[in-house]
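Peer 1: Next up is a structure, given as structure tokens.
Protein chains in written order, with full-length UniProt numbering: chain A, 1 to 584; chain B, 1 to 584.
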């Protein structure tokens with residue numbers, strides 16, 4: 001037995017296997033995931049695993065390595081989030097999202113930091129040795145809302161699109177702020193004296209870290225799009241470039257101490273439309289599928305590891321500090337949302353209701369990012385206290401808030417996501433209004449979002465598309481594409497319902513066999529049509545059609561763990577019955 | 001700048017990126033890959049890269065780590081090979097393949113080992129310090145034909161299926177022999193005295209290593225099939241199981257010193273039919289696509305690394321030894337093939353022609369496996385000589401034989417792969433003959449391959465399918481499946497040719513919109529049909545159809561670097577023209 005030789009890949013494979021099997025296990029009992037969010041179940045599995053490891057080895061189970069988390073587990077999730085980000089609501093609410101992400105996070109950091117420092121001054125709690133800087137450092141890591149946790153919960157409760165993008169967008173973009181504040185306070189902790197220059201440098205860094213991330217991401221994204229121009233003869237490695245360039249953008253940003261999350265999101269959003277146009281349909285399915293798969297596995301692993309890492313002896317328990325941390329996290333988040341929304345609502349016609357505000361505040365879940373950051377802290381004598389407080393805050397938000405948010409959404413009757421997709425009429429009207437508003441803004445000299453959107457679209461079609469798209473000479477109107485898609489769908493439906501045989505096959509079809517001689521099935525079709533008379537063929541088709549049905553795959557618009565086209569088998573069964581009924 | 005933090009993933013990503021870009025680069029100039037095999041070009045890129053690294057750092061570039069090769073680069077290629085292995089020709093020729101793989105490899109090992117030992121006795125060559133055991137050890141690593149190199153060359157020359165499977169199957173299955181002999185001689189080298197018991201134990205190990213690999217692989221493969229029974233609600237992680245279980249089978253086999261290659265091939269071949277039936281169509285596309293992508297990247301990386309590792313100072317040059325190694329490799333391979341084929345032809349009606357024999361002997365390419373094994377040798381004073389000899393043999397076989405085999409195949413007019421797929425009639429006859437022969441064998445009491453195949457099929461449908469397939473209660477005849485596929489294809493073709501609109505849409509279609517209300521396009525279809533009269537709709541369809549064409553994707557049957565359905569755009573253009581002509 002030579003275990004050492006294969007240990008690393010073997011254990012990684014086993015962990016992934018455990019995560020995947022756990023996921024299958026939950027879904028075998030349909031009732032479980034509808035009550036408890038998957039993230040809670042996974043943490044629970046992790047806790048049990050941790051307990052087993054602890055019991056067997058009699059020492060703390062291995063903690064999730066922060067490097068592994070930031071370098072390998074986080075990027076797939078963020079890439080998936082960025083690639084499937086609904087860009088219209090995102091850019092429509094970008095101002096509000098940035099306000100929440102930047103000002104809101106700073107508000108939380110300082111609020112939590114200073115009030116915890118106040119608690120530390122109470123002598124009875126025996127916490128006087130925790131300095132203000134350490135409290136602020138702790139505040140900077142505990143304040144940030146976690147995209148992984150938010151996604152895991154919000155994708156299950158189906159709130160309206162605006163509310164979803166506000167919480168989710170904030171959780172993604174606050175990374176720039178968190179990175180800056182966390183690194184700033186950490187370096188302050190190690191400095192003997194802090195000059196005012198350092199503080200101003202810190203403020204300047206916000207812009208560098210955020211905008212630098214966007215810049216790195218966009219440049220890699222456009223390079224990716226440019227590369228896929230040339231993959232016509234090597235279709236099989238096309239999907240790879242999407243992953244490689246996104247990952248490189250993340251790593252490069254991290255290397256220069258910029259925000260990796262912001263970089264990978266800009267990369268994904270920047271490349272998406274060009275890559276989709278360049279690569280083949282199958283490559284695109286693979287890209288989408290693999291992104292979903294990868295992020296799903298990463299997310300599962302993160303929650304399981306969170307559970308495993310909770311068990312062990314690296315906690316220092318101090319009731320007052322831990323309780324007050326939790327209370328302050330909730331209070332400052334609520335206050336922040338209230339105050340910021342007050343300003344946002346003054347400048348917007350479409351206001352954020354108080355119900356929405358409650359859900360935004362309540363949806364501020366903490367997760368694995370805080371957890372990894374707290375382990376990355378430099379060693380000092382109260383680190384274990386911080387670890388314990390972070391663990392409690394994460395478990396509280398994920399378990400209590402995560403499990404109660406769905407009943408609360410039902411109770412408050414928060415506006416839900418519209419179930420039906422917009423009709424063609426609505427889509428045309430939306431586009432018409434966009435053009436109209438861009439025109440109005442242009443005439444009135446107001447450089448608003450429609451003006452910029454129009455300019456960007458012009459720049460895109462004038463320059464970018466020519467450089468980045470392979471077949472630029474054939475731009476297809478989206479209405480033509482839609483028609484094409486409908487026609488194909490219609491045809492497949494006809495074939496499946498067995499109604500294709502009503503008209504005789506067109507003679508030109510007989511040439512298909514010769515032209516696609518490489519293709520086995522078409523050749524066979526050809527042979528069949530050569531040897532059988534049309535009547536016999538029609539009869540055969542009809543008889544077979546009544547007993548044939550392949551379930552068509554259609555599904556809801558956006559869900560993190562499924563690709564479009566994977567659900568509602570009952571509807572199809574119903575449809576099938578109706579069709580059979582009509583036929584007979 | 002914090003490079004250290006991201007170094008490992010960054011460099012890995014960059015290497016993969018280099019490999020992928022190199023691949024794209026070759027295919028930009030269509031003439032290049034048709035003359036020089038891709039593997040040669042990649043080694044050449046590697047040589048240049050190695051030269052640059054050597055020039056800049058003034059020391060040997062990093063060598064391909066044997067662990068990385070065996071644990072991460074080899075499995076994807078073998079998995080791909082196993083998963084897409086044409087099982088019928090493989091099992092039809094299994095006897096011949098095993099003979100070549102086992103007896104042929106042993107023949108080569110001892111032939112090369114003893115004759116090199118003879119060369120070492122010549123005083124003028126100054127090689128007397130290389131013992132017989134070391135020569136045999138060297139023979140065991142240099143004798144084995146390499147699957148990666150063979151695949152890379154043979155997929156481009158399109159020889160007939162039997163010839164292809166003979167060389168390729170041998171290269172895969174000789175792994176068990178190589179593992180045993182290599183480990184045996186290596187342990188003999190470290191032993192003070194060798195007893196006859198050890199030699200017999202070595203012979204017994206052949207069966208353990210080979211059959212053990214098959215057993216490990218099959219058990220993991222069937223577990224994988226069983227697992228995919230339960231993935232109906234977690235479609236997105238379905239493809240993962242195919243990869244996880246195959247990889248686990250490889251690692252487990254390696255852990256127990258069994259043949260990992262044999263294990264992963266049995267795993268892939270064992271699970272394929274059940275997994276395909278259980279998982280969704282999109283999952284299956286992803287599995288196939290990702291396997292191709294992964295193996296393609298691995299294979300590219302291996303050849304680039306081969307090139308990079310060649311540059312450096314770990315070579316000891318000894319003209320006689322290196323030249324004689326090369327000569328003996330060629331001679332013993334040719335002799336082995338001649339002798340073995342003589343016996344094979346005596347027992348078969350369908351003999352292997354002398355042209356085929358020449359190609360089998362000439363196609364015995366050496367590759368990265370030899371290279372990794374030679375670096376794994378225990379340190380002794382002549383290791384560098386062995387490295388140099390191995391490098392020369394690999395470069396000679398890949399460059400000289402790899403580049404000349406295509407012209408030779410043309411020159412000798414070796415029977416090629418049939419271009420067209422078998423017709424339905426042929427398929428039905430083949431199946432009929434199978435049943436007939438199984439019956440004859442059963443009556444005559446001869447337990448031949450048809451008898452066993454029939455028994456296996458019975459066992460499969462009686463027990464295995466019931467356990468491993470999700471929807472066993474609806475077994476579909478393959479002729480029904482074929483019809484279904486034809487009907488769909490026909491429908492799409494009709495739609496693309498714009499001939500679907502000739503008949504009025506059936507009233508039952510109007511119900512589709514209500515039933516699939518989640519799906520944007522169908523709803524839109526519904527809306528369109530509600531508001532427009534059938535005549536207007538038909539007119540619209542016809543007008544649009546003349547200007548619409550989406551290229552259908554069809555392609556040749558098996559190619560390692562492309563998935564079915566990715567080629568021949570010219571044919572489609574032709575077809576398009578014909579269709580338009582007919583319409584106008």
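Note that the Cβ used here is the ideal one computed from N, Cα and C, for glycine as well.
Within this structure, are the beta carbons of residue 182 of chain A and residue 140 of chain A separated by less than 9 angstroms?
Peer 2: yes
Peer 1: Assign residue 145 of chain A to one of three DSSP states: helix, strand, or coil.
Peer 2: DSSP, reduced to helix, strand and coil, places residue 145 of chain A outside both helices and strands of the structure shown, so it counts as coil.
Peer 1: Would you list the residues sitting across from residue 159 of chain B in a DSSP beta bridge?
Peer 2: B/416
Peer 1: With burial defined as no fewer than 16 other Cβ atoms inside 10 Å of the residue's Cβ, what is the status of residue 124 of chain B: buried or exposed?
Peer 2: exposed
Peer 1: Would you report the Cα separation of residue 329 of chain A and residue 142 of chain A, rounded to the nearest angstrom?
Peer 2: 8 angstroms
Peer 1: Reducing DSSP to helix, strand and coil, say where residue 12 of chain A ends up.
Peer 2: helix
Peer 1: Less than 9 angstroms between CB atoms is the rule here; does residue 164 of chain B satisfy it with respect to chain A?
Peer 2: no
Peer 1: Can you list, in chain order, the residues of its chain whose CB lies under 6 angstroms from that of residue 147 of chain A, leaving out five sequence neighbours each side?
Peer 2: 171, 172
Peer 1: May I ask you to report which of helix, strand or coil DSSP gives residue 131 of chain A?
Peer 2: coil
Peer 1: Alpha carbon to alpha carbon, how far is residue 68 of chain B from residue 425 of chain A?
Peer 2: 57 angstroms
Peer 1: Given the structure, does residue 258 of chain A come close to the ligand PLP, in the sense that its CB is under 8 angstroms from one of the ligand's heavy atoms?
Peer 2: Among the components modelled here there is no ligand, and therefore nothing to report on the ligand PLP.
Peer 1: Does the beta-carbon of residue 197 of chain A have 16 or more other beta-carbons within 10 angstroms, so that it is buried, or is it exposed?
Peer 2: exposed
Peer 1: Between the C-alpha atoms of residue 127 of chain A and residue 320 of chain A, what's the straight-line distance to the nearest angstrom?
Peer 2: C-alpha of residue 127 of chain A to C-alpha of residue 320 of chain A: approximately 9 angstroms in a straight line.
Peer 1: Is the shortest distance between the beta-carbon of residue 429 of chain B and the beta-carbons of chain A less than 9 angstroms?
Peer 2: no
Peer 1: With the cut-off set at 9 angstroms, would you say residue 387 of chain B and residue 398 of chain B are in Cβ contact?
Peer 2: Not closer than 9 angstroms, so no.
Peer 1: Kindly indicate which residue of A/340, A/448, A/260 has the alpha-carbon position closest to the one of residue 178 of chain A.
Peer 2: A/260
Peer 1: In its own chain, which residues sit with a C-beta less than 8 angstroms from the C-beta of residue 304 of chain A, not counting the 5 before and 5 after it?
Peer 2: Only residues of its own chain outside the window of five on either side were considered, and among them 15, 18, 19, 22, 42, 43, 45, 46, 49 have a CB closer than 8 angstroms to the CB of residue 304 of chain A, listed in chain order.
Peer 1: Let me make sure I understand the geometry here. Which of A/331, A/272, A/66 has the alpha-carbon closest to that of residue 109 of chain A?
Peer 2: That would be A/331, whose Cα lies nearest to the Cα of residue 109 of chain A.
Peer 1: Counting along the chain, where does the alpha helix (DSSP H) carrying residue 333 of chain B start and finish?
Peer 2: 319-346
Peer 1: By the three-class DSSP mapping on this structure, what secondary structure does residue 121 of chain A have?
Peer 2: Of the three classes helix, strand and coil, the one that applies to residue 121 of chain A here is coil, per DSSP.
Peer 1: Run through chain B and tell me which residues come within less than 8 angstroms of residue 49 of chain A, C-beta to C-beta.
Peer 2: Here the premise fails: no neighbours, minimum Cβ distance about 18 angstroms.
Peer 1: Is there contact here, the segment 208-228 of chain B with the segment 264-281 of chain B, by at least three beta-carbon pairs under 8 angstroms?
Peer 2: yes
Peer 1: Just to confirm before moving on: does the CB-CB distance between residue 246 of chain B and residue 469 of chain B stay below 9 angstroms?
Peer 2: No; because the gap between Cβ atoms is not below 9 angstroms, this pair is not in contact.
Peer 1: Spell out whether any CB of chain B is found under 9 angstroms from the CB atom of residue 282 of chain A.
Peer 2: yes
Peer 1: Could you pull out every residue in the same chain whose Cβ sits closer than 7 angstroms to the Cβ of residue 258 of chain B, ignoring the five residues on either side in sequence?
Peer 2: 209, 212, 213, 216
Peer 1: Are the beta-carbon atoms of residue 162 of chain A and residue 443 of chain A separated by less than 9 angstroms?
Peer 2: No, the pair does not count as a contact, with Cβ atoms beyond the cut-off.
Peer 1: Please compile the residues from chain A whose C-beta is within a distance smaller than 8 angstroms of the C-beta of residue 455 of chain B.
Peer 2: Simply none; closest approach about 29 angstroms.
Peer 1: Here's a check: name, in chain order, each residue in its chain whose Cβ is nearer than 8 angstroms to the Cβ of residue 307 of chain A, leaving out the five neighbours to either side.
Peer 2: 42, 43, 44, 45, 46, 47, 48, 49, 50
Peer 1: Could you tell me which chain A residues have their CB closer than 8 angstroms to the CB of residue 254 of chain B, listed as they occur along the chain?
Peer 2: 2, 5, 6
Peer 1: Beta-carbon separation of residue 324 of chain B and residue 116 of chain B under 9 angstroms?
Peer 2: yes
Peer 1: Go through its chain and collect everything with a Cβ distance to residue 96 of chain B's Cβ below 7 angstroms, but skip five positions before and after it.
Peer 2: 166, 344.
Peer 1: Determine the chain B residues that contact residue 233 of chain A at a beta-carbon separation under 7 angstroms, and present them in chain order.
Peer 2: 27
Peer 1: If you measure between the beta carbons of residue 206 of chain B and residue 236 of chain B, is that distance less than 9 angstroms?
Peer 2: no
Peer 1: Looking at chain B, is there any beta carbon in it that lies within less than 9 angstroms of the beta carbon of residue 242 of chain A?
Peer 2: no
Peer 1: Of the choices A/274, A/356, A/359, whose alpha-carbon is the least far from that of residue 461 of chain A?
Peer 2: A/274
Peer 1: Helix, strand or coil for residue 471 of chain A per DSSP?
Peer 2: coil
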